[in-house]
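**Q** Supplied in structure tokens, the structure appears directly below.
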Amino acid sequence: MQPNSFELPISHALHGGYKHPACRNWVKQTLSANNLVYPVFVLDEPDAEQEIKTMPGIKRFGYKKIVDHLKPLVKKGLQSIIIFGILSDDNKKDERGSHAGGNGIKGPTNLALEEIKKEIPELLLIVDVCLCAFTSHGHCGLLNCEGYIDNAASLKRLVEVSISYVQSGAQVIAPSDMMDGRIGAIKQELIRQNLEIPVMSYAAKFASSYYGPFRDACKSAPGKSDRQAYQLPLDSTQLALKAVQRDLEEGADYIMVKPITTYLDIVKEIKQRFNPIMACYHVSGEYAMVCFAAQNGACDKKKVVLETMRSFRRAGIDIIITYFTPELLDWVKEEF
Ligand code: PBG
Ligand code: ZN
1 MQPNSFELPI
11 SHALHGGYKH
21 PACRNWVKQT
31 LSANNLVYPV
41 FVLDEPDAEQ
51 EIKTMPGIKR
61 FGYKKIVDHL
71 KPLVKKGLQS
81 IIIFGILSDD
91 NKKDERGSHA
101 GGNGIKGPTN
111 LALEEIKKEI
121 PELLLIVDVC
131 LCAFTSHGHC
141 GLLNCEGYID
151 NAASLKRLVE
161 VSISYVQSGA
171 QVIAPSDMMD
181 GRIGAIKQEL
191 IRQNLEIPVM
201 SYAAKFASSY
211 YGPFRDACKS
221 APGKSDRQAY
231 QLPLDSTQLA
241 LKAVQRDLEE
251 GADYIMVKPI
261 TTYLDIVKEI
271 KQRFNPIMAC
281 YHVSGEYAMV
291 CFAAQNGACD
301 KKKVVLETMR
311 SFRRAGIDII
321 ITYFTPELLD
331 WVKEEF
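Following my numbering, the numbering of the sequence shown begins with 1 at its first residue and continues without gaps.
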């Protein structure tokens, strides 16, 4: 042997095994419109259309206008959306988040559900259930007089909101408030009312810094303090697994990890331990970073987004919630 040459052991010659595109296709994780959920922001006025400066290409739509936006996407294969309601008028915010809906009030989510149900009945309608876009203090639950979360009162209110969404046509309930016992409370009331509605739990939801653009979009940043008392600490796999186990015991049908790119290790742990049907939320900050990098020539948006999506599929995620859905509906047809 020459001093600088290395004799390749037979078992180490790998290139031949994936030189041909057909061989690469054998090992490709499929990605199709079936895996995608599109998050939409809807306002309680009919015809609005507002850009969101930190989320290029994403808009807040009026509850009627949203139908025109969705129809062409459904033609391209869109099968489900998750709806986030936003108030046009900040003066409607109060301590209880009354204008989220329920108790005789129709919030933006109720209005959009009724409109979309009527116009696009085949689309699966998931709703985010939370109070932060509707409360004057901007927290996801209700506060007691000392300014701390009142868990029991929050649960009562979240159940009320959830049931009102189901009455307006919601087909999956996804509570993102993170109050203790919310899955059990909502599920129990659904079953009591004979409603066969699944619950998607934001079980492994971390107190992340990637939610900034979303809070602009929904005007939902907390007024005082942050959400570390009810969203998970960034460092703990143990607490994430405990939250998942708890939510599964309370009857969660689907388990979500959020954000996702920096938490793929958590997905693996959850799969190994419990193997539930898994969803992930590719959140606003993850979306914005790719958009702004691509706008400035730092990456090829389509290639980077597809690479990112494939990492989610490789990790075993079935349901991908992403703002890239409209573009992906075209890209998956070209690439898979
Ligand atoms: C909270 C909620 C958040 C997101 C969805 N629901 C985060 C938060 O404000 O704490 C984030 C989604 C995103 O960033 O795209 N109700
Ligand atoms: Zn919230």
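Just so you know, even glycine gets a beta-carbon here, dropped at the ideal spot from N, CA and C. None of the values given here were measured: they were computed from a predicted structure.
(1) May I ask whether a heavy atom of ligand 2 can be found less than 6 Å away from the beta carbon of C132?
(2) Nearest CA to the CA of V304: which residue from L43, D318, W331?
(3) Would you kindly check if the distance between the Cβ of T261 and the Cβ of E286 is under 7 Å?
(4) Would the beta-carbon of A203 fall within 7 Å of that of I255?
(5) Opposite G85 in the DSSP bridges: which residues?
(6) Should I81 and P108 be called a contact, given that it needs their Cβ atoms to be closer than 7 Å?
(7) To the nearest angstrom, how far is it from the Cα of I186 to the Cα of P198?
(8) For R60, which three-state DSSP category applies?
(9) Do A315 and V283 have their C-beta atoms within less than 7 Å of each other?
(10) Please classify H139: is it buried, with 16 or more other beta-carbons within 10 angstroms of its beta-carbon, or exposed?
(11) Between which two residues does the beta strand (DSSP E) carrying C280 extend?
(12) Helix, strand or coil, according to DSSP, for M309 in the structure here?
(13) Just to check my reading of the structure: P46 and K71 have Cβ atoms closer than 8 Å, yes? What is that Cβ distance to the nearest angstrom?
(14) Go ahead and pull the three-state DSSP assignment for I260.
(15) I need the straight-line Cα distance from D150 to G97, nearest angstrom please.
(16) Restricting to runs no shorter than 4 residues, where is the alpha helix (DSSP H) found entirely within the region 113-165?
(17) Which residue comes first and which comes last in the beta strand (DSSP E) that contains V172?
(18) Can you round the beta-carbon distance between D235 and A207 to whole angstroms, since I take them to be within the 8 Å contact cut?
**A** With the structure as the only source:
(1) C132 has its CB nearer than 6 Å to a heavy atom of ligand 2.
(2) W331
(3) yes
(4) Taking 7 Å as the Cβ cut-off, A203 and I255 qualify as a contacting pair.
(5) The bridge partners DSSP lists for G85 are V42.
(6) no
(7) 10 Å
(8) strand
(9) no
(10) buried
(11) Run containing C280: 278-282, per the beta strand (DSSP E) assignment.
(12) helix
(13) About 16 Å separates the beta carbon of P46 from that of K71, a gap too long to meet the 8 Å contact definition.
(14) coil
(15) 14 Å
(16) The alpha helix (DSSP H) runs lying completely inside the region 113-165 and spanning 4 residues or more number zero.
(17) Boundaries of the beta strand (DSSP E) harbouring V172: 172-175, taken from the DSSP string.
(18) Rounded, the Cβ-Cβ distance is 11 Å, inconsistent with contact.
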